[in-house]
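In my numbering, the protein residues as written are 33 to 116. Worksheet for the structure shown next.
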């Protein structure tokens, strides 16, 4: 059985205190715009996400692979305190 490439080959893994949440996106720029949107939601207290990673569909392996660990709430907060 051959698995086809999904129409949205980029996804975010939004780690929350309870379960990971996945959102899919059509392009890399769209995925990274969603990262910035989610970080803003965290700042406003509208999201419980503590970590964000980007994954890409690997056509050869026919599975999601980690592209980049983008953001971690604890390290971002520490870096923000050092800049102040």
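Cβ coordinates follow ideal geometry from the N, Cα and C atoms, glycine included.
Item	Value
Residues bridged to residue 88 (per DSSP)	42, 97
Test item: CB-CB of residue 82 and residue 48 under 8 angstroms	yes
Residue 53 - partner residues in DSSP beta bridges	46
Nearest-angstrom beta carbon gap, residue 102 and residue 67 [assumed within contact, 8 angstroms]	5 angstroms
Opening and closing residue of the alpha helix (DSSP H) in which residue 67 lies	60-75
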